[in-house]
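Quick notes on the structure that follows.
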Amino acid sequence: MVNHTQSTKSISLENYGIKNAKVHYQLEPSKLQEITVEKGMGKETANGTLAINTGKFTGRSPEDRFLVKDDYTKDRIWWGKSNKAISPEHFDLLQSEIENYLSGKEIYARDGYVCADPNYKMNVRTITEYPWSNMFVYNMFLRPSQEELKDFKEEWLVLCAPGYECQNPEDYGLRQGNFSILNFTKKIALVGGSAYTGEMKKGIFTALNFILPVEKNVLPMHCSANVGENGETAIFFGLSGTGKTTLSTDQSRKLIGDDEHGWTAENTVFNFEGGCYAKAINLSEEQEPEIFGAIKPGALLENIIMDDQGNVDFADTSITQNTRVSYPIYHIDNIQQPSIGKNPKNIFFLTADAFGVLPPISKLTPAQAAYHFISGYTAKVAGTEAGVVEPQPSFSACFGAPFMPLHPAEYADMLSKKMKEAGVNVWLVNTGWTGGPYGVGTRMKLKYTRAMINAALNGDLGLYDYDHYHIHSVFGVAQPRQCPGVPTEVLSPRTTWNDDEAYYKMAFKLANSFRNNFKQFESYASEEIRRGGPQRYAF
Numbered sequence: 002m003v004n005h006t007q008s009t010k011s012i013s014l015e016n017y018g019i020k021n022a023k024v025h026y027q028l029e030p031s032k033l034q035e036i037t038v039e040k041g042m043g044k045e046t047a048n049g050t051l052a053i054n055t056g057k058f059t060g061r062s063p064e065d066r067f068l069v070k071d072d073y074t075k076d077r078i079w080w081g082k083s084n085k086a087i088s089p090e091h092f093d094l095l096q097s098e099i100e101n102y103l104s105g106k107e108i109y110a111r112d113g114y115v116c117a118d119p120n121y122k123m124n125v126r127t128i129t130e131y132p133w134s135n136m137f138v139y140n141m142f143l144r145p146s147q148e149e150l151k152d153f154k155e156e157w158l159v160l161c162a163p164g165y166e167c168q169n170p171e172d173y174g175l176r177q178g179n180f181s182i183l184n185f186t187k188k189i190a191l192v193g194g195s196a197y198t199g200e201m202k203k204g205i206f207t208a209l210n211f212i213l214p215v216e217k218n219v220l221p222m223h224c225s226a227n228v229g230e231n232g233e234t235a236i237f238f239g240l241s242g243t244g245k246t247t248l249s250t251d252q253s254r255k256l257i258g259d260d261e262h263g264w265t266a267e268n269t270v271f272n273f274e275g276g277c278y279a280k281a282i283n284l285s286e287e288q289e290p291e292i293f294g295a296i297k298p299g300a301l302l303e304n305i306i307m308d309d310q311g312n313v314d315f316a317d318t319s320i321t322q323n324t325r326v327s328y329p330i331y332h333i334d335n336i337q338q339p340s341i342g343k344n345p346k347n348i349f350f351l352t353a354d355a356f357g358v359l360p361p362i363s364k365l366t367p368a369q370a371a372y373h374f375i376s377g378y379t380a381k382v383a384g385t386e387a388g389v390v391e392p393q394p395s396f397s398a399c400f401g402a403p404f405m406p407l408h409p410a411e412y413a414d415m416l417s418k419k420m421k422e423a424g425v426n427v428w429l430v431n432t433g434w435t436g437g438p439y440g441v442g443t444r445m446k447l448k449y450t451r452a453m454i455n456a457a458l459n460g461d462l463g464l465y466d467y468d469h470y471h472i473h474s475v476f477g478v479a480q481p482r483q484c485p486g487v488p489t490e491v492l493s494p495r496t497t498w499n500d501d502e503a504y505y506k507m508a509f510k511l512a513n514s515f516r517n518n519f520k521q522f523e524s525y526a527s528e529e530i531r532r533g534g535p536q537r538y539a540f
């Protein structure tokens with residue numbers, strides 16, 4: 002049973018260095034929405050859902066994400082492009098700046114926790130400058146009962162001050178005035194200068210991506226998950242825009258979670274969070290009825306466009322293509338309670354291939370699974386970022402490099418062991434383009450992707466042999482020859498192009514991108530894993 006009851010007690014934040022503040026503690030979402038509207042910080046849609054604008058930042062700012070480098074982290078974290086170091090001294094200065102900034106203000110505090118499995122539960126206290134930021138935290142973190150709140154003691158603290166901007170960033174080890182920083186020794190996350198709510202969520206989940214494997218022997222995964230009537234859990238890895246939320250939200254299966262999970266030594270899968278943070282671009286009731294129905298009072302829409310009557314135009318991306326909606330998981334009817342699954346049997350790697358050359362579904366060998374997990378491929382399409390005028394390959398190790406503090410090989414090694422122990426099937430699913438690249442071909446129909454995934458889950462894709470599968474001549478993956486509910490020609494990307502020369506030219510181009518990206522991991526990968534990638538070269 003979901004507990005919506007909230008505490009009415011007040012708390013002091015003086016011990017955090019925040020003085021003379023008017024603190025609102027554990028307010029209900031309806032009250033936070035009311036305050037947001039009264040302060041002119043948001044508007045209500047026609048059905049009463051709160052809509053806000055996150056301002057300058059409509060997505061995460063990965064270049065401004067830092068981890069404190071100290072005695073605990075210096076030899077453990079994979080320092081580099083994704084994991085930028087900042088000194089403890091600079092962190093302390095910024096923490097003091099934010100504490101002083103929040104002092105004397107009207108601010109909002111919330112206690113919650115992450116990790117649905119009680120064996121791995123971690124309490125988090127979040128202090129936000131904006132009421133709607135606090136509403137986001139209510140949606141996304143797990144909600145304690147009244148009893149749990151009585152003696153609540155946080156393990157981690159989040160300080161979120163979007164209105165604070167560092168005036169002399171170079172003096173603090175920063176690139177510019179905004180930042181998102183984790184300190185694993187002090188167990189504090191700082192967010193400053195950005196109102197994009199995902200910075201808070203991903204900050205805490207980045208912390209878990211370090212803590213769980215290092216201290217708990219749990220594999221953290223940037224994935225969604227659901228469970229069927231037979232009790233078998235399916236896991237969906239994928240980067241933003243590949244369909245993790247959409248494909249895991251299925252009327253015939255119970256949703257465990259849509260973004261971050263842990264896979265335990267006991268072979269269970271648990272949700273990190275208590276809600277969903279779904280992309281809203283082109284959302285429709287017909288295509289995604291569960292997500293569309295979750296957008297109601299209590300949900301939080303970000304950076305959408307609506308008319309004077311409050312009707313939302315989900316196709317309008319004039320603010321950003323990264324329009325979002327957060328909602329508590331209980332807004333979805335068909336959910337697993339608690340958010341824990343057992344017996345993982347199928348893993349899906351989702352990629353939106355804008356080159357249009359990968360099969361819509363293919364079965365991977367263990368070596369191929371490790372290779373594609375380390376690669377974490379999807380593609381950027383024209384218009385999504387400044388300067389992108391044609392499809393560009395995008396690789397993010399473990400399908401979540403910006404959130405993974407350890408070396409990708411460590412996560413890949415854990416995943417490989419768990420896959421072998423659990424005897425899972427691993428599938429590569431292209432939710433991107435068919436019949437040509439972006440601008441020529443068309444996006445794979447959602448109904449076909451759902452049919453292929455359901456066939457894989459139900460064991461309807463036949464035996465793993467020549468009669469049922471064709472080995473792709475460039476990528477080496479096994480693509481099924483037939484699938485219930487999907488036209489046969491759709492299963493072969495080459496056939497959909499109607500131009501073999503153009504198809505293979507593009508396939509070799511993408512294969513070479515895979516190989517070039519993987520060079521950074523070759524010294525860590527076995528010969529077996531290296532052979533899991535494309536084997537044919539273009540001349």
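Just add 1 to wherever you are in the sequence shown, counting from 1, and you've got our numbering. The beta-carbon is built from N, C-alpha and C at its ideal position, and this holds for glycine as well. Predicted model only: the values in this text are computed from it and were never measured.
DSSP beta-bridge partners of residue i
{"i": "Ile472", "result": "Ala479"}
{"i": "Gly541", "result": "Residue coverage of the chain in this structure runs from 2 to 540, which leaves residue 541 outside it and unanswerable."}
{"i": "Asn124", "result": "Tyr114"}
{"i": "Arg1", "result": "Residue 1 is absent from the structure shown; the chain starts at 2 and stops at 540."}
{"i": "Met136", "result": "Looking at the DSSP assignment, Met136 forms no beta bridge with any residue, so it has no partner."}
{"i": "Thr379", "result": "Ser395"}
{"i": "Glu261", "result": "His223"}
{"i": "Asp309", "result": "Paired residue(s): none; Asp309 is not in a bridge."}
Per-residue burial, residue i [other beta carbons within 10 Å of its own, 16 or more giving buried]
{"i": "Gln96", "result": "buried"}
{"i": "Ala316", "result": "exposed"}
{"i": "Gly477", "result": "buried"}
{"i": "Tyr73", "result": "exposed"}
{"i": "Gln338", "result": "exposed"}
{"i": "Lys280", "result": "buried"}
{"i": "Pro376", "result": "The amino acid at residue 376 is misidentified as Pro; the sequence shows Ser. Flag for Ser376 reads buried."}
{"i": "Tyr467", "result": "exposed"}
{"i": "Pro360", "result": "buried"}
{"i": "Gly388", "result": "In this prediction, Gly388 has a pLDDT of 47, which is less than 50 and means its spatial position is unreliable; what the coordinates show is noted afterwards. That one is exposed."}
{"i": "Gly232", "result": "exposed"}
Rounded Cβ spacing between residue i and residue j (contact assumed at less than 8 Å)
{"i": "Ile239", "j": "Phe400", "result": "Before going on, a small fix: residue 239 reads as Gly here, not Ile. So it is a contact: roughly 6 Å between Cβ atoms."}
{"i": "Tyr328", "j": "Ala295", "result": "5 Å"}
{"i": "Leu14", "j": "Ala110", "result": "7 Å"}
{"i": "Phe273", "j": "Asn184", "result": "Not really, about 20 Å apart at Cβ, beyond 8 Å."}
{"i": "Gly164", "j": "Val138", "result": "Gly164 to Val138, Cβ: 17 Å. No contact."}
{"i": "Ser363", "j": "Ser195", "result": "At roughly 38 Å, the Cβ-Cβ gap does not stay under 8 Å, so Ser363 and Ser195 are not in contact."}
{"i": "Val159", "j": "Met123", "result": "Not confirmed; about 12 Å, so no contact."}
{"i": "Tyr525", "j": "His373", "result": "That belief does not hold up - the Cβ atoms of Tyr525 and His373 are roughly 15 Å apart, past 8 Å."}
{"i": "Asn179", "j": "Phe58", "result": "7 Å"}
{"i": "Ala512", "j": "Val475", "result": "5 Å"}
{"i": "Thr246", "j": "Ser225", "result": "6 Å"}
{"i": "Thr432", "j": "Met445", "result": "6 Å"}
{"i": "Arg482", "j": "His473", "result": "Wrong, their Cβ atoms sit about 12 Å apart, outside the cutoff."}
{"i": "Pro345", "j": "Val425", "result": "6 Å"}
Sequence-distant residues of the same chain with beta carbon closer than 7 Å to residue i, five excluded per side
{"i": "Asn227", "result": "Ala235, Ser249, Asp251, Arg254, Lys255, Leu256, Ile257"}
{"i": "Pro415", "result": "For clarity, residue 415 is Met in the given sequence; the question names Pro instead. Excluding positions up to five away in sequence, the list reads Pro214, Leu220."}
{"i": "Asn21", "result": "Ser104, Gly105"}
Cα-Cα separation between residue i and residue j, rounded to whole angstroms
{"i": "Val491", "j": "Gly437", "result": "12 Å"}
{"i": "Glu45", "j": "Leu464", "result": "52 Å"}
{"i": "Lys418", "j": "Phe350", "result": "17 Å"}
{"i": "Thr127", "j": "Ile182", "result": "14 Å"}
{"i": "His5", "j": "Gly276", "result": "Low confidence applies to His5: its pLDDT is 46, below 50, so where it sits in the model is not reliable enough to give any reading."}
{"i": "Ser83", "j": "Glu155", "result": "27 Å"}
{"i": "Arg77", "j": "Phe522", "result": "17 Å"}
{"i": "Tyr173", "j": "Val125", "result": "26 Å"}
{"i": "Phe206", "j": "Lys40", "result": "30 Å"}
{"i": "Leu447", "j": "Asn169", "result": "48 Å"}
{"i": "Phe211", "j": "Cys116", "result": "14 Å"}
{"i": "Asn518", "j": "Thr186", "result": "33 Å"}
{"i": "Ala508", "j": "Gln480", "result": "15 Å"}
{"i": "Gly442", "j": "Glu502", "result": "16 Å"}
{"i": "Ser31", "j": "Thr50", "result": "10 Å"}
{"i": "Glu291", "j": "Tyr505", "result": "39 Å"}
{"i": "Pro394", "j": "Lys381", "result": "6 Å"}
{"i": "Met2", "j": "Glu261", "result": "With a pLDDT of 37 at Met2, under the threshold of 50, the modelled position of that residue is not reliable, and the figure given next carries that caveat. Looking at the two C-alpha atoms, the distance is approximately 22 Å."}
Chain-order list of residues whose beta-carbon lies under 8 Å from that of residue i (same chain, five-residue window excluded)
{"i": "Asp570", "result": "Residue 570 is absent from the structure shown; the chain starts at 2 and stops at 540."}
{"i": "Thr496", "result": "Glu490"}
{"i": "Ser285", "result": "Phe293, Phe315"}
Residue i: CB within 6 Å of a non-hydrogen atom of the ligand NAD
{"i": "Gln252", "result": "What this structure holds is no ligand at all, so the ligand NAD is not there to describe."}
Same chain only: Cβ atoms within 6 Å of residue i, ignoring 5 sequence neighbours per side
{"i": "Tyr412", "result": "Cys399"}
{"i": "Pro132", "result": "Leu33, Ile36, Thr37, Tyr109"}
{"i": "Gln536", "result": "Gly477"}
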